[in-house]
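> My questions all concern the structure below.
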Amino acid sequence: MTGKLMDGKKGLIMGVANDHSIAWGIARSLADQGAELAFTYQGEAFGRRLKPLAESVSSDIVLPCDVEDIDSVDAVFAALKDKWGSIDFLVHSVGFS
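Convert by adding 746 to the 1-based position in the sequence shown; the result is the number in my numbering.
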């Protein structure tokens, strides 16, 4: 086998709080295996922390998302559909929802 396990796969990571969070560990592993990632955050403070992390795994998709607001969730999936067409996986690691 010459390729990486997640080569060509695209997925959304929800719930990265910082570089110590479980979601970030999962995201790093997925990126190491070749996945292309998008991230969501809730609140500007989380966004400021997340953007450099996303850049470190070559992701330029960092979207605000309030998981308690269906319109916000719909907007994320609409943006991903526009960018990628579809996703292959979702990591839901939000501490509440």
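Each residue gets a CB set at the ideal place from its N, CA and C atoms; glycine is no exception.
Give me the residue from Gln788, Asp815, Leu783 and Ile772 with the minimum Cα distance to Asp753.
Out of Gln788, Asp815, Leu783 and Ile772, Leu783 has the C-alpha closest to the C-alpha of Asp753.
> Could you say which of Gly780, Gly831, Ile807 and Trp830 lies nearest to Met760 if we only look at CA atoms?
The shortest Cα separation from Met760 among Gly780, Gly831, Ile807 and Trp830 belongs to Ile807.
> Report yes if the CB atom of Asp834 is closer than 8 Å to the CB atom of Gly749, and no otherwise.
No, Cβ-Cβ distance for Asp834 and Gly749 is not below 8 Å.
> For Phe792, which residues from the same chain have a beta carbon less than 7 Å from its beta carbon, with the 5 sequence-adjacent residues on both sides left out?
Only Ala763 meet the Cβ criterion.
> Secondary structure at Lys756, three-state DSSP: helix, strand or coil?
In this structure, Lys756 counts as strand in the three-state DSSP scheme.
> Is Ile772 near Val819, with beta carbons less than 8 Å apart?
No; because the gap between Cβ atoms is not below 8 Å, this pair is not in contact.
> Considering only the beta carbon of each residue, do Ala781 and Lys755 sit closer than 8 Å?
In this structure, Lys755 lies closer than 8 Å to Ala781 by Cβ.
> Locate the alpha helix (DSSP H) running through Glu801, then write down its first and last residues.
Residues Glu790 to Ser802.
> Could you tell me the alpha carbon to alpha carbon distance between Glu814 and Ala821, rounded to whole angstroms?
Going by the C-alpha atoms only, they are around 13 Å apart.
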